[in-house]
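Step one of this worksheet: look at the structure below.
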Amino acid sequence: MADGPRTIIEKIWEDHVVASEPGAPAILAVDLHLVHEVTSPQAFTGLHARGLKVRKPGQTVATADHSIPTLDPSIPIADELAAKQLRQIEENCREFGIPFHGQGSPDRGIVHVIGPELGLTQPGMTIVCGDSHTATHGAFGALAFGIGTSEIEMVLATQTLLQRKPKTFQVRIDGHLRPGVGAKDIILALIARIGIGGGTGHVIEYTGSAIRALSMEERMTVCNMSIEAGARAGLIAPDETTFAYLRGRRFAPRGAAWDEAVARWQKLPSDDGATYDRTIVIDGDTLEPMVTYGTNPGMGLPISGRIPSPADLEPAAREDLEHALAYMGLEPGSTIAGRKLDVVFIGSCTNGRIEDMRAAASVLRGRHVAEGLRVLVVPGSQQVKKQAESEELDEVFRSAGAEWRESGCSMCIAMNGDQLEPGQYGISTSNRNFVGRQGRGGRTFLASPLTAAASAVTGVVTDPRTLPGVASKPGAAVRSASVEAS
Amino acid sequence: MPEPFVRTTSRAIAIPRANIDTDQICPARFLKITDKAGLADALFFDWRFTPDGQKRQPPSFIDEPHNVGRQILLVGDNFGAGSSREHAPWALRAWGIRAIVSTGFADIFRGNSLKNALLPIVVTPERHAALTALLAANPDGEWTVDLEAQKVTLPGVDTFDFEIDPFARTMILAGTDEVGYVLSRLPAIEAWEAAHPARVDTRS
Numbered sequence: 007m008a009d010g011p012r013t014i015i016e017k018i019w020e021d022h023v024v025a026s027e028p029g030a031p032a033i034l035a036v037d038l039h040l041v042h043e044v045t046s047p048q049a050f051t052g053l054h055a056r057g058l059k060v061r062k063p064g065q066t067v068a069t070a071d072h073s074i075p076t077l078d079p080s081i082p083i084a085d086e087l088a089a090k091q092l093r094q095i096e097e098n099c100r101e102f103g104i105p106f107h108g109q110g111s112p113d114r115g116i117v118h119v120i121g122p123e124l125g126l127t128q129p130g131m132t133i134v135c136g137d138s139h140t141a142t143h144g145a146f147g148a149l150a151f152g153i154g155t156s157e158i159e160m161v162l163a164t165q166t167l168l169q170r171k172p173k174t175f176q177v178r179i180d181g182h183l184r185p186g187v188g189a190k191d192i193i194l195a196l197i198a199r200i201g202i203g204g205g206t207g208h209v210i211e212y213t214g215s216a217i218r219a220l221s222m223e224e225r226m227t228v229c230n231m232s233i234e235a236g237a238r239a240g241l242i243a244p245d246e247t248t249f250a251y252l253r254g255r256r257f258a259p260r261g262a263a264w265d266e267a268v269a270r271w272q273k274l275p276s277d278d279g280a281t282y283d284r285t286i287v288i289d290g291d292t293l294e295p296m297v298t299y300g301t302n303p304g305m306g307l308p309i310s311g312r313i314p315s316p317a318d319l320e321p322a323a324r325e326d327l328e329h330a331l332a333y334m335g336l337e338p339g340s341t342i343a344g345r346k347l348d349v350v351f352i353g354s355c356t357n358g359r360i361e362d363m364r365a366a367a368s369v370l371r372g373r374h375v376a377e378g379l380r381v382l383v384v385p386g387s388q389q390v391k392k393q394a395e396s397e398e399l400d401e402v403f404r405s406a407g408a409e410w411r412e413s414g415c416s417m418c419i420a421m422n423g424d425q426l427e428p429g430q431y432g433i434s435t436s437n438r439n440f441v442g443r444q445g446r447g448g449r450t451f452l453a454s455p456l457t458a459a460a461s462a463v464t465g466v467v468t469d470p471r472t473l474p475g476v477a478s479k480p481g482a483a484v485r486s487a488s489v490e491a492s
Numbered sequence: 010m011p012e013p014f015v016r017t018t019s020r021a022i023a024i025p026r027a028n029i030d031t032d033q034i035c036p037a038r039f040l041k042i043t044d045k046a047g048l049a050d051a052l053f054f055d056w057r058f059t060p061d062g063q064k065r066q067p068p069s070f071i072d073e074p075h076n077v078g079r080q081i082l083l084v085g086d087n088f089g090a091g092s093s094r095e096h097a098p099w100a101l102r103a104w105g106i107r108a109i110v111s112t113g114f115a116d117i118f119r120g121n122s123l124k125n126a127l128l129p130i131v132v133t134p135e136r137h138a139a140l141t142a143l144l145a146a147n148p149d150g151e152w153t154v155d156l157e158a159q160k161v162t163l164p165g166v167d168t169f170d171f172e173i174d175p176f177a178r179t180m181i182l183a184g185t186d187e188v189g190y191v192l193s194r195l196p197a198i199e200a201w202e203a204a205h206p207a208r209v210d211t212r213s
C-alpha cells in the first residue's frame, strides 16, 4: 500500500485488492454486479459448461433494458430474437438465484438508473456491468466500469476480476455553470476537448466547484459519458449531496449501520496533496450548451459554433471529419443551430432520470412540438415513469405532442424497434452519435435535455436560452428534490 | 477451454480509419443472439452490405476477394472505441482475424480481445506509417505475428518487437483459462471476504 496522500481512486482500488502476484494483474473484489439481457447469455452458458454456480447471487442484480420494447407491455414482442433473449435472462436468473427486475416489475429500468434509485450503488464500492456506461455509478464515489462477457462470466463465477491498476486523471471544472448550461454540456465539452481516446488507460476523478454544485442525477450524467472520452471509469467523491440522495433508499444502510457507512464514506475523498497522472482544468463559467455535429461524441461544439473544416486538421483527423460530415450531410463552416430535425429522443442512462424529465417538461409545458416532428420521451426506469406521472409530466409531454413510453434503452441503442430511419436527423439526449447507432443511416446530434426539448418546440436544433423562460436557472431548468426514496 | 496460440503467418488487410467503434465492428442489432453463432457475417456489416442486404460494389475492405482468409488487420488509432460488447472481438475472430495492429486501442476492447486470443499490437505512429506504406507497396506480402517472441516479421528482412500484457501472453500461449486461474486462488478470495462483509444483499 502506498504511504502518503492518496486519490479516491487509489483508496477504492487498494481496498479491493484480494491478491497481487508478481507479473499478474490484481484479483479485484467486486461489490456489486449488474446484469442485463444482451451481454450476459453467453456468460451463463459458460457457467453451465463449467458446472459452476453464481458465487454471490446476493451481490448480483439483473434487469431487462436493452432489447425490451418501450411500447405497451401487454403487446407481444414482435422480434423473436429479442423475446428469446428476454426469456433467457429470466430463466438464467431463476436458475442461478439472481434477483431479476423484468417486465412487470415496478423496479425494472435501465441498469444504470435502477442501481442508484434502489440504493444499491454506494460510495467506495467496486461495481461492474457488461455495459460501457457503468461509470454512471461513479457519481457516488464508486469505482464502476464496463466489462465484456468473458469478464461477466468471471464475476459470476468468482465475484472478482483480474485487473491492472488504472492511471488517474483529474478533470477539474472550476467556477459556476451559467443558466441553460448543465451536466451534459460539461461532459460534451470535456470530450470535445480531449477526444474520444483522451482518457484511455485512466480513471477520471471529476472535481471542482462546478462539479460540487451538481445534483446526484447531474453527476451521474457527467460520469456516465466517461467512456466516451475513452476512460473506463469516472467518479466524483461523495459528499453531503451523495448522502442525502442515498438516505432511506431501499438498499441503503439504516440506523447505526448508516452512521458507520457515512463515517467510512467520509474518508473516501482524495487526500490533500494527492497527485494524479494527469490533470486538466476547465472554466465552468465559459461553458455553453453543447451539441455534436459528427459521428463520435468528441465531435462537439458550443451551440453557437460552426463546424470545423477538415482542411484545418491533421491528415488522420481530417479524414475522420470528412467521413463524418459526408455521413451527416453537413458542410464545414456551417452552424448546427437551425438544422432541421425529424426526431427528438429524450431518455437513456445519460439523461433518463426524473430531473431530465422535469427539465424537458419545463420547456414543453404550454408549448407544442413542431409539426411533422416525432418526439419520443422514454423514462429511464419504471420508478422514474411513476414519479413523472405523479407530477403529471406525462400529460405535459402528451399535450405537447410527444410520445410517452415505458422505460428502457430505446433509441439510444436502437435494438428494440425505436430507431431513426435512414437519412433522418435526430437530436438525442443519449451518449453516442456513432454511424448507425440510432438506426442504420440515422444521423444524431447529441445534446442536453433542455436543448433537445427546445429543439422539439422549434423543429430545428435550438439553443434553449433563446426560448423565453427556459434558462432562468443554471443546470437543469427545474432543480428540485430527486425521486423520493422508495 | 481456449486453444493455445503461439504465432501465425498471414497477409494483412489495411483499414485506414481512426476511431473505428464497436458499433461499426458489430452493429447493435446483431447483439440479440444468445450464443456466438453467425457473427462472422455481422462483422463490419453496414460497411459491407447495402440496406437491402446486397454486398457493396466495389466491396468493402474485408470483402475484397484477395483479402479473404487474411488474419491480420492494420487499422487507425483508438480501434474498438465505445460499447463494451464482446461481440466485436468474437466477430473478428469468427471471420478469421488473429492480430490487429494500431497506434492505440480502446481499453475495454483491448481487454476483451486478449480474452479471445485476438492480439492487439500497439505500434508508434512512425511504425504505423511505415507499415501502411509497406502494405500499399507489397499488399500480398506475408507477415508473421509471433506472440512467443513478441515479434512481427515483415516481408523481406524487417522485424519489430511489440509489448503485450505479460499475463495475457502467458495465458494465450498456454491456452489457460482465466476463470480456472482465479478459482485456484479461492482461499485468498474467501479470506478477503471474511474481512470485508458484503455491502449489500440484493436478495433482501
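Chains as they are written, first to last, in our numbering: chain A, 7 to 492; chain B, 10 to 213. The C-beta atom is built at its ideal place from N, Cα and C for all residues, glycine as well. Since the model is a prediction, treat every value here as computed from it, not as a measurement.
Mapping DSSP to helix, strand and coil, what is residue i?
{"i": "isoleucine 313(A)", "result": "coil"}
{"i": "aspartate 210(B)", "result": "coil"}
{"i": "proline 13(B)", "result": "coil"}
{"i": "leucine 168(A)", "result": "strand"}
{"i": "serine 93(B)", "result": "coil"}
{"i": "glutamate 16(A)", "result": "helix"}
{"i": "valine 117(A)", "result": "helix"}
{"i": "leucine 452(A)", "result": "strand"}
{"i": "serine 387(A)", "result": "strand"}
{"i": "isoleucine 419(A)", "result": "coil"}
{"i": "glutamate 409(A)", "result": "strand"}
{"i": "leucine 426(A)", "result": "coil"}
State the start and end residues of the unbroken alpha helix (DSSP H) segment that holds residue i.
{"i": "valine 369(A)", "result": "360–370"}
{"i": "proline 196(B)", "result": "195–204"}
{"i": "alanine 120(B)", "result": "A small fix is needed here, since residue 120(B) is glycine in this sequence, not alanine. Here the alpha helix (DSSP H) through glycine 120(B) covers 116–123."}
{"i": "glycine 240(A)", "result": "Looking at the DSSP string, glycine 240(A) is not in any alpha helix (DSSP H); the run it does join, the beta strand (DSSP E), is 239–241."}
{"i": "glycine 226(A)", "result": "Checking the displayed sequence, the identity of residue 226(A) turns out to be methionine instead of glycine. Here the alpha helix (DSSP H) through methionine 226(A) covers 222–230."}
{"i": "threonine 51(A)", "result": "47–56"}
{"i": "proline 134(B)", "result": "134–146"}
{"i": "alanine 323(A)", "result": "321–334"}
{"i": "threonine 247(A)", "result": "246–252"}
{"i": "valine 349(A)", "result": "It is not in any alpha helix (DSSP H) - valine 349(A) instead sits in the beta strand (DSSP E) that spans 349–352."}
{"i": "isoleucine 181(B)", "result": "175–183"}
Name the two residues that bound the continuous beta strand (DSSP E) containing residue i.
{"i": "cysteine 135(A)", "result": "132–135"}
{"i": "tyrosine 431(A)", "result": "431–434"}
{"i": "glutamate 211(A)", "result": "208–213"}
{"i": "aspartate 85(A)", "result": "That residue, aspartate 85(A), is in no beta strand (DSSP E); it is neither H nor E in DSSP."}
{"i": "isoleucine 81(B)", "result": "81–84"}
Which whole-angstrom value describes the C-beta separation of residue i and residue j, a residue pair presumed to lie in contact below a C-beta threshold of 8 Å?
{"i": "alanine 459(A)", "j": "leucine 370(A)", "result": "6 Å"}
{"i": "valine 110(B)", "j": "leucine 127(B)", "result": "Between leucine 127(B) and valine 110(B) the Cβ distance is about 12 Å, and since that is not below 8 Å, they are no contact."}
{"i": "lysine 59(A)", "j": "phenylalanine 102(A)", "result": "7 Å"}
On the DSSP bridge assignment, give the partners of residue i in chain order.
{"i": "glutamine 272(A)", "result": "For glutamine 272(A), which the question treats as bridged, DSSP gives no partner whatsoever."}
{"i": "leucine 128(B)", "result": "Ala108(B)"}
{"i": "lysine 160(B)", "result": "Asp155(B) and Asp170(B)"}
{"i": "glutamine 176(A)", "result": "Glu211(A) and Thr285(A)"}
{"i": "alanine 68(A)", "result": "Val41(A) and Phe106(A)"}
{"i": "valine 297(A)", "result": "Leu307(A)"}
Taking residue i as the reference, which of the options has the closest Cα?
{"i": "cysteine 418(A)", "options": "Arg364(A), Lys391(A), Asn357(A) and Ala376(A)", "result": "Asn357(A)"}
{"i": "isoleucine 288(A)", "options": "Glu16(A), Val441(A), Arg373(A) and Leu196(A)", "result": "Leu196(A)"}
{"i": "serine 434(A)", "options": "Leu473(A), Ala317(A) and Tyr299(A)", "result": "Tyr299(A)"}
{"i": "serine 69(B)", "options": "Leu182(B), Arg102(B) and Ile34(B)", "result": "Ile34(B)"}
{"i": "cysteine 355(A)", "options": "Pro321(A), Thr51(A), Thr174(A) and His143(A)", "result": "His143(A)"}
{"i": "aspartate 191(A)", "options": "Asp291(A), Asp113(A), Gln444(A) and Pro172(A)", "result": "Asp291(A)"}
{"i": "arginine 20(B)", "options": "Ala145(B), Pro67(B) and Phe171(B)", "result": "Ala145(B)"}
{"i": "arginine 270(A)", "options": "Arg256(A), Glu101(A), Pro244(A) and Gly136(A)", "result": "Pro244(A)"}
{"i": "glutamate 427(A)", "options": "Gly447(A), Asn439(A), Gly414(A) and Glu412(A)", "result": "Gly447(A)"}
{"i": "arginine 12(A)", "options": "Gly423(A), Asp278(A) and Lys391(A)", "result": "Asp278(A)"}
{"i": "leucine 123(B)", "options": "Glu95(B), Ala177(B), Ala27(B) and Pro25(B)", "result": "Ala177(B)"}
{"i": "alanine 158(B)", "options": "Thr18(B), Pro196(B) and Asp170(B)", "result": "Asp170(B)"}
{"i": "glycine 423(A)", "options": "Arg56(A), Lys62(A) and Ile83(A)", "result": "Ile83(A)"}
{"i": "isoleucine 130(B)", "options": "Ile117(B), Thr168(B) and Glu172(B)", "result": "Glu172(B)"}
{"i": "glutamine 48(A)", "options": "Asn98(A), Leu34(A) and Glu234(A)", "result": "Asn98(A)"}
{"i": "valine 166(B)", "options": "Pro175(B), Thr153(B) and Asp174(B)", "result": "Thr153(B)"}
{"i": "tryptophan 99(B)", "options": "Gly154(A), Gly136(A) and Leu124(A)", "result": "Gly154(A)"}
Taking 7 Å as the cut-off, is the C-beta of residue i nearer than that to any heavy atom in the ligand MG?
{"i": "arginine 446(A)", "result": "As far as ligands go, the structure on display features none, and thus does not contain the ligand MG."}
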